[in-house]
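According to my numbering, the sequence shown is numbered sequentially starting from 1129. Glycine included, every Cβ here is placed at the ideal spot set by N, Cα and C.
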Amino acid sequence: MDLLRTRSLDHELLDAERLDPDELALNLREMAFLNRLPGGLADSVRAVEGLIADEPDARVLDVGTGSGDFVRRLCQRREVRAIASDVRTEVLAIAARNLADISHVSLLQADARALPLGDGEVDVVHASLLLHHLDPREAVGALREMRRVARRGVVINDLRRGPVPFALTALAVMVLSRGSWTHHDGILSARRAYTLDELDHLADEAGLALTARSSRIWPRVTSSYR
């Protein structure tokens, strides 16, 4: 498919300057549901747990936390000190409500390219469905910041661009969601996604090396870097 040879530069609705509160809330709920599909939340949690298995008091930063579903799942599985971070105050407010009953969770409004944390202040940084929102230069900046603040590693879960991932993603969002934002952004995300080679090149520019990768049979792939 010619439209997938290069990344789309079109903007997602979620990246608009102003967000409709009702559409945003529905979109984040639907994304939390779609995150349960193979290649999503479970793979992220598994990868992060692999990096903190021998750390009894691990600190994990979730960049671009969205609804906070990753933080919630991780904290339900093991005791960690988690930081749920997002650049949008509207998004962070929704995450705060969803995580209100979870202990050892703090909230942080921050741009992934300028994290207000010290070098090695957390053990692991996780980012799900974030990088495809960024252009290559922005993505390298974000990955460089994640490397700086992470003591043990960085976990990236995102879509990969290609005909089969595009078809599967489009099918999933059209069948399993009803929100116009989810339909629009879900399909566009598959066109904005990086290929795995492109992702690894960005990581290399940021000083990160690939250490592990989940199965490539799903539209989303989880990659661990150090």
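Would a C-beta distance cut-off of 8 Å place residue 1180 and residue 1288 closer than the cut-off?
-> Working through the sequence shown from its first residue, we reach residue 1180 at position 52. Working through the sequence shown from its first residue, we reach residue 1288 at position 160. It is not a contact, given that the beta carbons lie outside the stated cut-off.
* **Local conformation of residue 1279 per DSSP, three classes** => Looking up residue 1279 in the sequence shown gives position 151. Secondary structure at residue 1279: strand, using DSSP grouped into helix, strand and coil.
Query raised in the report: Any idea if residue 1246 is buried or exposed, counting beta-carbon neighbours within 10 angstroms, 16 or more meaning buried?
Result: Taking the sequence shown and counting its residues from 1, one reaches residue 1246 at position 118. The residue is exposed, with fewer than 16 neighbouring Cβ atoms inside 10 Å.
| query | What's the gap between the Cα of residue 1202 and the Cα of residue 1162? | reply | Here residue 1202 refers to the residue found at position 74 of the sequence shown. Here residue 1162 refers to the residue found at position 34 of the sequence shown. Using only the alpha carbons, I get a separation of about 17 Å.
> Which runs of the alpha helix (DSSP H) fall wholly inside the stretch 1174 to 1260 and span at least 4 residues, in chain order?
Replying inline: 1197 to 1205, 1217 to 1226
| message | Mapping the DSSP letters down to three states, classify residue 1155 as helix, strand or coil. | response | As a working mapping, residue 1155 is identified with position 27 in the sequence shown. Correct three-state label for residue 1155: helix.
* Asked: Would residue 1210 pass as a contact of residue 1219 if the rule is Cβ separation under 8 Å?
  -> By 1-based counting over the sequence shown, the position of residue 1210 is 82. By 1-based counting over the sequence shown, the position of residue 1219 is 91. Their beta carbons are not under 8 Å apart, which means residue 1210 does not touch residue 1219 by this criterion.
> Over what stretch of residues does the beta strand (DSSP E) that includes residue 1351 continue unbroken?
Replying inline: For the purposes of this step, residue 1351 is identified with residue 223 of the sequence shown, where counting begins at 1. Here the beta strand (DSSP E) through residue 1351 covers 1348 to 1353.
For residue 1286, list the residues DSSP reports as bridge partners. Sequence index remark: in the sequence shown, residue 1286 carries index 158 (1-based). Its beta-bridge partners are 1349.
- Can you give the Cα-Cα distance for residue 1347 and residue 1147, rounded to whole angstroms? Looking up residue 1347 in the sequence shown gives position 219. Looking up residue 1147 in the sequence shown gives position 19. Inter-residue distance for residue 1347 and residue 1147 is about 27 Å (C-alpha atoms, whole angstroms).
Check: If we count the other Cβ atoms within 10 Å of its Cβ and call it buried at 16 or more, is residue 1293 buried or exposed?
Finding: Along the sequence shown, one-based indexing puts residue 1293 at 165. Buried is the call here.
Margin query: Going by DSSP in three states, residue 1297 sits in which element: helix, strand or coil?
Written below: Position 169 of the sequence shown, counted from the start, is the residue given in the question as residue 1297. Here residue 1297 sits in helix by DSSP.
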